[in-house]
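Enquirer: Dropping the structure in here first, questions after.
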Amino acid sequence: MRHRAPIPPRDASPLDPSALLAACDSVTARAEEALPIAKQNNWILDIALNRLTLARAGLYRALLAPPAGAQRPPSPPPAVEAHLTAAVDGLRKAGRMDYLPRGLLTQVLRLALFRG
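Printed below as a string of structure tokens:
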């Protein structure tokens, strides 16, 4: 078992970028730990939801950590797109249309924020 990223304290300012980045890192670490377990057990919905979590955390991280002097946030890493595509495909495969809007709305957010 890997060491988990610390969860930011509750009294951290909600506008403190370092606390928000730490929260993204913590969520990413937990999803990365859970994903292999879901894959090993072929839990299609869990795999899709973990991938959606990884995609969302990557998007938020890209928004919170723009390079100094950047006019707009950088594009998220390619892994974000891969996780997001796999998540939406997995939600469809799992037959869970009640979760599908979460994936689709995240795709729309990515397109709105990071398209050329």
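Add 140 to the 1-based position in the sequence shown for this note's numbering, that's all there is to it.
Beta carbons are placed, not taken as given, at the ideal position from N, Cα and C, and that holds for glycine.
(1) Taking the alpha helix (DSSP H) that ASN181 belongs to, which residues open and close that run?
(2) In terms of alpha-carbon separation, which member of PRO217, ILE177 and ARG196 lies closest to SER248?
(3) Hey, would you say the C-beta of ALA163 is under 7 angstroms away from at least one heavy atom of the ligand NAD?
(4) Quick check on DSSP: helix, strand or coil for ASP156?
(5) Put TYR239 into one of helix, strand or coil per three-state DSSP.
(6) Pick helix, strand or coil for ARG250, following the three-state DSSP scheme.
(7) What three-state label does DSSP hand SER166 in the structure shown?
(8) Figure out for me which residue from ALA169, ALA162 and ASP229 has the closest Cα to the Cα of ARG242.
Expert: A quick look at the data gives this:
(1) From DSSP, ASN181 is part of no alpha helix (DSSP H); its letter is neither H nor E.
(2) According to the sequence provided, residue 248 is Val. The question's Ser does not apply to it. Here the closest residue by C-alpha is ARG196.
(3) No copy of the ligand NAD occurs in the structure displayed, which carries no ligand at all.
(4) In the structure shown, ASP156 sits in coil (DSSP, three-state: anything other than H, G, I, E or B).
(5) Three-state result, TYR239: coil.
(6) The three-state reading of DSSP puts ARG250 in helix, counting H, G and I together.
(7) Helix.
(8) When only C-alpha atoms are compared, the closest one is ASP229.
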